[in-house]
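First up is the structure itself, then whatever we jot down about it.
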Amino acid sequence: MEDYKFLFKVVLIGNSGVGKTCLVRRFTQGVFPKGQGATIGVDFMIKTLEVENSAGQREAVKLQIWDTAGQERFRSITQSYYRSAHALILVYDLSCQPTFDALNDWIREIQEYANPKVLKILVGNKTDRDDREIPVRVGEEFAKAHDMYFLETSSKQGENVEKLFYEIAAELIEQARQKGGLSRNHHNSSVTNLGMKNNISSFQSNCCSGGVGTNNNSSN
Amino acid sequence: MDVSSLIGIGDAEDLETPEGIKRLCQRINEREKQVNDNLQTLLSRKLNLETKIDSCLIKYQQLYKASICEDSKKLTSIISHTSDLAEKVSAKVRNLDTARMRATEVQKRVHDLIDLQLCSQGVMTAIKDEDYEIGARHVKRYLSMDRNILEKTADDVSSMTSVNQAVDTLEKAAKEMREIVKVKLDEAIKKNDLASVERFFKIFPQLGMYDEGIAKFTSYVCTKLSSIAEKELRQSMEIAKAEKRTQVAYADTFTNLLENVLRIIETNQPILENYYRYGHLLKMVKILQLECDDQTRRLIQEFNKNRLINRKVNQINDYIKSQSTQSSSTLGHLRKASGSMDKLNSKDLDTLIAELTIMHSRAELYVKFIRRRVSNDIEKCFIAGDMTEEEKKTALDSMESVIKKSQLSNQMQEILSTYLLFERYFMEESVIKAIGFDSHETGQLYSSMVDDVFFIVRKCIRRSIGTQSVDGVCAVINNGGACIEQELINAFRNALKSGYHSGYIDLAQAYSAFQSTIQQGKIQTNDSEMARTKFTVTLNNADKSTEYIETLFQNISEEIKVSFPNIDSHKKEMIESCLGGLKSVGDSLKTVVESGMQQLRSSAIKPRINPWIDQFQSSNHMLTDDELSVYEAGETFIQFLIVQLDGLLNSFKKVLSEKNYDILVLMLATDVTARFERAIKKCAFDRNGGLVLDKEVRSLGTFLTGATSWTVRDKMARLTQIAIILNLEKISELSEYYDTRNQEGPFTAWRLTPNEIRNILKLRTDFKIEDIKKLQL
């Protein structure tokens, strides 16, 4: 067995077709699989990362990433994975309004099945698309209202994918360390963006270059 | 050499006389001359030798050049000669080969021509005689000929027209045959004449109509399948009633349906392989699957309708929804309080869940069969060389896609989804019921709920193995863990939350009441007694649950290994991860036990033992020898303490599980020793006092060691060491027990710091402060 100090379960959820499997593939195998069929039930991948902790040491973290099927008929399978998850990644397609509208249903699922202390991350996927329908601000606000971290990614171009998982690993290590102390505090703080402020600026530069994004920003 | 020896020989007396020197000089001169002569002769010989060497060299070089050049030239000519020969031979061989090839080609052409003639004559008569097998054989022979060569032959041969005529006839015949066979097959199908259908089905591949043959035949078989299935579906209830299997009526019908399809494959595969060769099974399966999908859809529709599946699903979903809005305020296991809902009885679901399990497992078996058969067929085709690696991969992918996209797979997923919902509901409701109906018989360490809850969870997980679906098993394992954690552990937490009410406010009163209960030998059943029993039983239940979780984990792991022998490592890892999640529930259980034991400690141990030990301070530890013997004759402090502790422990020994009792003893040992240490530090001792203390500490150690199977020596270490120090005759004796260099004693590691040692020594009034200060520690 390989040597690792932490093992975390990360579960991806969200509507069918928002790109959960591609996110996982991009991260674990470094590829963007074209013509990916719908996931059946659940699948899982393992990746061991090295993350620098707050003391500046590098630590091996094993992430067990559960990729769930988005289709309704697999819900009773996927629901069973919420409880043991350390982090839940809720994904929507930023070029597809219905996937964003469904978030409320997903939030209800999380409330019902997941551990209330679970780390929650909202991910707007497909920043590479130029037919964006959900402005960054809207995603951010939703995340803030539901006590979640927020990030926009592109599995196709690999943008923010590594960052997403590395930040999750770092945050989970931090939580594990604070366990016993009140790690809840951290959750309730106003910081809802992974990697703090510089992150937000990077989002905005991204969507400005997208053309459509500029419109979205000014409309806000 | 010669010179030096000459000097050496020369006498010392000689050198003192001029004659001597002269003689020596003369001798040297003679010798020099001699040497010069020698040199001369040698030098003269040198020239001669050099010329000889030179001549030798020249001769050698001449010789060398001559022979090598000659040899290599010879060799080259031999080689080139050989190669010429070889080329000539190989050219001849090549010529021979082409000649032979041409000969066979010609032979083949001649054969083809002869056959062409024969076929063209035969085929027409065959058609006329309706002997389609022979006709088809002729056409097949014709089709096997290379059309281009045939045309070339026609050009070469003088009787061009006859060849062209034959080709034309055969072309026409083939076309005619194809038409006829199609019509005949259609007719046979219409007439439902199985023998004729098979007859023409076998002719199709000879005419090159592989796909058409398979399509027509399979759709014929499908119509037969369809009518059988329809009949079976209509009669499913009646048949089930007759066989007293109404509870699994649809599972039975579904099993028949799938078996019928598989039987078709089973019986027709040999024909297919014989007449169509390998690699065609997938085409048949593709068409059959459509029929199977259609029938499955109809059957599931009927099943859903008659078993009221949708209504039940909605009922459960509504119920869960109503619970989740409530559960934010109330606790999990109190949810049965809401009785207003039109709630499903979990027991009624039991049989339905069993039926769903059977249905899903049958479908899994069916898919496995199809996958194995088709991939074997493809593999055989590949081995026979009729398929490239690339084609094989596409064929296998195409098979997977047929399976994945089939309605059957879709329906299976629906069935699994329904199954999981029902199973979860069944498990949760049954567990809640088991907890609600918890019963405890007086005198028992455990109550019924643990056995019941684990029985239910285990039953559900085992049933999920019956679905043959890895996803299903994983989900039920996950749900099982969640259920234990949410329902059972919450129930434990709630029971422990109220704490262990020792029920006494005044400690003195508590003591006497406690004594009386012990004397009566029977615990009175009043409210606070019941609360206490509930507390200890819960602790024991939690302890037992940690064992049960471990057993459950092991049993299920084993059963899965047996039931899924051939799953790939990825799926195996998935299952292992889920099982790991189940096992980790044990950690939550352990924290429950631990927090409960801590409660017990703070409410039932600490307040009780403190006053007992504090009595130590009130007795005198400065004893004259007379006082010492008087003290030892009466009831000593330690005798009193041990009686009390024994009484306290005995009252728990009867009501705690073995492991919990051991934990209690350890906690008691920790508290007693700590408190004792504190009491000691508040007293002053002389030599006799120290002696008594040492004895007392020893008997306490013996008592505690005897109380548990676990080791308490560690807990006693500090106290024992304090007693050793206080029992010293002189300060200097300390060095026998305490090694200043590594701060270790000869027997055990010292737990006391040098500072502490000094302070303890100070408790001895007969030790001088200066001596203690002087100690090198």
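Order-wise, the sequence lines are chains A and B. With our numbering applied, the first sequence corresponds to residues 330 to 549, in that order. With our numbering applied, the second sequence corresponds to residues 13 to 789, in that order. All C-beta atoms, glycine included, are put in the ideal place defined by N, C-alpha and C.
| field | Length of the line joining the Cα atoms of Ala503 (chain B) and Lys595 (chain B) | value | Residue numbering aside, residue 503 (chain B) sits at position 491 when the second sequence is read from its first letter. Residue numbering aside, residue 595 (chain B) sits at position 583 when the second sequence is read from its first letter. Going by the C-alpha atoms only, they are around 19 Å apart.
Top-ranked residue by Cα proximity to Ala543 (chain B), from B:Gln566, B:Tyr512, B:Ala554 and B:Glu559
Taking the second sequence and counting its residues from 1, the one referred to as residue 543 (chain B) is at position 531. Checking every option, the nearest Cα to that of Ala543 (chain B) belongs to B:Tyr512.
Query raised in the report: Would you say Asp483 (chain B) reaches chain A, if we count a Cβ-Cβ gap shorter than 8 Å as a contact?
Result: Mapped onto the second sequence, residue 483 (chain B) falls at position 471. Chain A, which has a Cβ nearer than 8 Å to the Cβ of Asp483 (chain B), makes this yes.
Query - Thr406 (chain B), DSSP secondary structure in three states - result: Taking the first residue of the second sequence as 1, we reach residue 406 (chain B) at position 394. It is helical.
Which of helix, strand or coil does DSSP assign to Ile463 (chain A)?
One-based indexing of the first sequence puts residue 463 (chain A) at position 134. DSSP places Ile463 (chain A) in coil when its eight states are reduced to three.
Checklist line | Start-to-end residues for the beta strand (DSSP E) that takes in Tyr478 (chain A) | finding: To locate residue 478 (chain A), count along the first sequence from 1; it is residue 149. Counting along the chain, the unbroken beta strand (DSSP E) around Tyr478 (chain A) starts and ends at Tyr478 to Thr482.
Item checked: Cutoff 8 Å: Gln425 (chain B) Cβ touching any chain A Cβ -> Taking the second sequence and counting its residues from 1, one reaches residue 425 (chain B) at position 413. Judged by the 8 Å Cβ criterion, Gln425 (chain B) is in contact with chain A.
Problem set entry | Reduced DSSP category for Lys449 (chain A) - H, G, I as helix; E, B as strand; rest coil | Counting from 1 along the first sequence, the entry for residue 449 (chain A) is found at position 120. Looking at Lys449 (chain A) - three-state DSSP - the assignment turns out to be strand.
Open item on the list: So, for Leu480 (chain A): in the same chain, excluding its five sequence neighbours on each side, which residues have a beta-carbon less than 6 Å away from its beta-carbon?
Closed with: Here residue 480 (chain A) refers to the residue found at position 151 of the first sequence. Taken in chain order, the residues that qualify are Val452, Asn489, Leu493 and Leu523.
Delimiting residues of the alpha helix (DSSP H) encompassing Ile33 (chain B): Here residue 33 (chain B) is taken as the residue at index 21 of the second sequence, counted from 1. Looking at the DSSP string, the run of the alpha helix (DSSP H) that includes Ile33 (chain B) is Pro30 to Lys140.
Q. Is any beta-carbon of chain A found at less than 8 Å from that of Leu1 (chain B)?
A. Beyond the ends of chain B as shown, which are 13 and 789, falls residue 1 (chain B); an answer cannot be given.
Original post:
From Glu285 (chain B) to Gly147 (chain B), what distance separates their C-alpha atoms?
Top reply: As a working mapping, residue 285 (chain B) is identified with position 273 in the second sequence. As a working mapping, residue 147 (chain B) is identified with position 135 in the second sequence. Using only the alpha carbons, I get a separation of about 21 Å.
Local conformation of Arg355 (chain A) per DSSP, three classes: Position 26 of the first sequence, counted from the first residue, corresponds to residue 355 (chain A). DSSP places Arg355 (chain A) in helix when its eight states are reduced to three.
Check your understanding: Residues of chain A with a CB under 9 Å from the CB of Asn326 (chain B): which are they?
Key -> In the second sequence, the residue the question calls residue 326 (chain B) occupies position 314. Going along chain A, no residue has its Cβ under 9 Å from Asn326 (chain B), so there is no contact; the nearest lies around 14 Å.
- Message: What does DSSP give as the partner residue(s) for Lys376 (chain A) in the beta ladder?
- Response: Position 47 of the first sequence, counted from the first residue, corresponds to residue 376 (chain A). Note: Lys376 (chain A) sits in a beta bridge opposite A:Leu392.
_Which listed residue (A:Asn382, A:Lys455 and A:Val467) has its alpha carbon closest to that of Gly348 (chain A)_ = Translated into positions along the first sequence, residue 348 (chain A) becomes position 19. Cα-wise, what sits closest to Gly348 (chain A) is A:Lys455.
Suppose you measure from the CA of Ser519 (chain A) to the CA of Lys449 (chain A); what does that come to, to the nearest Å?
Residue numbering aside, residue 519 (chain A) sits at position 190 when the first sequence is read from its first letter. Residue numbering aside, residue 449 (chain A) sits at position 120 when the first sequence is read from its first letter. Confidence at Ser519 (chain A) is low in this model, with a pLDDT of 32, below 50, so the placement of that residue is unreliable and no value is reported for it.
| query | Is the region 625 to 632 of chain B close to the region 596 to 612 of chain B, with three or more CB pairs under 8 Å? | reply | no
Fill in: Where Glu453 (chain B) sits in the DSSP three-state scheme
Counting from one through the second sequence, the residue named residue 453 (chain B) turns up at place 441. If DSSP states are grouped into helix, strand and coil, Glu453 (chain B) belongs with coil.
### Message
I want to verify the contact list: residues of chain B whose CB lies under 9 Å from the CB of Phe373 (chain A), in sequence order.
### Response
Start at 1 with the first residue of the first sequence, and residue 373 (chain A) comes out as number 44. Within chain B, the residues near Phe373 (chain A) are His582, Glu585, Met586 and Ser589.
Provide the residue span of the beta strand (DSSP E) that contains Ala416 (chain A), from first to last.
Numbered from its first residue, the first sequence carries residue 416 (chain A) at position 87. For Ala416 (chain A), the enclosing beta strand (DSSP E) starts and ends at Ala416 to Asp422.
* **Contacts of Ala761 (chain B) in chain A (Cβ-Cβ under 7 Å)** => By one-based count along the second sequence, residue 761 (chain B) stands at place 749. Those do not exist, as Ala761 (chain B) stays about 29 Å from chain A at its closest Cβ, beyond 7 Å.
Requested in this report: Please list the partners that Asn491 (chain B) has in chain A, where partner means a Cβ-to-Cβ separation under 7 Å.
Outcome: For this step, residue 491 (chain B) is matched to residue 479 along the second sequence. Here the neighbours are Ser409.
query: From B:Gln327, B:Leu219 and B:Asp180, pick the residue whose C-alpha is nearest to that of Glu191 (chain B); which is it?
result: Walking along the second sequence from the start, residue 191 (chain B) turns up at place 179. Of the candidates B:Gln327, B:Leu219 and B:Asp180, the one whose C-alpha sits nearest the C-alpha of Glu191 (chain B) is B:Leu219.
Looking only at its chain, what residues have a beta carbon closer than 7 Å to the beta carbon of Ser421 (chain B), apart from the 5 residues adjacent to it on each side? Translated into the one-based positions of the second sequence, residue 421 (chain B) becomes position 409. Answer for Ser421 (chain B): Ile415, listed in chain order.
Chain A residues whose Cβ lies nearer than 8 Å to that of Gly598 (chain B): As a first step, residue 598 (chain B) must be located in the second sequence, where it is residue number 586. The premise fails here: Gly598 (chain B) is roughly 14 Å from chain A at the closest Cβ pair, so nothing lies under 8 Å.
Using a Cβ cut-off of 8 Å (strictly closer), state whether Phe337 (chain A) contacts chain B. Counting from 1 along the first sequence, the entry for residue 337 (chain A) is found at position 8. It does not: the Cβ of Phe337 (chain A) has no partner Cβ on chain B nearer than 8 Å.
(message) I'd like the list of long-range same chain contacts for Lys334 (chain A), defined as Cβ closer than 8 Å, with 5 residues on each side in sequence excluded.
(response) Against the first sequence, residue 334 (chain A) aligns to sequence position 5. Excluding residues within five positions, the ones whose Cβ falls inside 8 Å are Glu388, Ala389 and Val390.
Determine the closest residue to Pro282 (chain B) out of B:Lys333, B:Gln498, B:Met296 and B:Tyr232, with distance taken between C-alpha atoms.
Translated into positions along the second sequence, residue 282 (chain B) becomes position 270. With distances taken between Cα atoms, Pro282 (chain B) lies closest to B:Met296.
Output yes or no for whether 8 Å exceeds the beta carbon distance between Met371 (chain B) and Phe438 (chain B). Locating residue 371 (chain B) in the second sequence gives position 359, counting from the first residue. Locating residue 438 (chain B) in the second sequence gives position 426, counting from the first residue. No.
Contact between the region 390 to 409 of chain A and the region 438 to 450 of chain B (3+ Cβ pairs under 8 Å) = no
Inset, instruction - List the endpoints of the continuous beta strand (DSSP E) containing Val339 (chain A). - result: Position 10 of the first sequence, counted from the start, is the residue given in the question as residue 339 (chain A). Start and end: Phe335 to Ile342.
Exercise. By DSSP, does Phe576 (chain B) sit in helix, in strand, or in coil?
Worked result: Translated into the one-based positions of the second sequence, residue 576 (chain B) becomes position 564. Coil, per DSSP.
- Selected residue, minimal CA-CA separation from Val482 (chain B), among B:Asp198, B:Met586, B:Met679 and B:Arg763: In the second sequence, the residue the question calls residue 482 (chain B) occupies position 470. Selected option, being the one with the closest Cα: B:Met586.
Taking only the alpha-carbon atoms, compute the straight-line gap between Leu746 (chain B) and Lys546 (chain B) and give it to the nearest angstrom.
Taking the second sequence and counting its residues from 1, one reaches residue 746 (chain B) at position 734. Taking the second sequence and counting its residues from 1, one reaches residue 546 (chain B) at position 534. One C-alpha to the other measures close to 51 Å.
Practice item. Write down the C-beta distance between Ile477 (chain B) and Ser589 (chain B) rounded to the nearest angstrom, noting that I regard them as a contact closer than 8 Å. Key: The residue labelled residue 477 (chain B) in the question sits at position 465 within the second sequence. The residue labelled residue 589 (chain B) in the question sits at position 577 within the second sequence. That belief does not hold up - the Cβ atoms of Ile477 (chain B) and Ser589 (chain B) are roughly 17 Å apart, past 8 Å.
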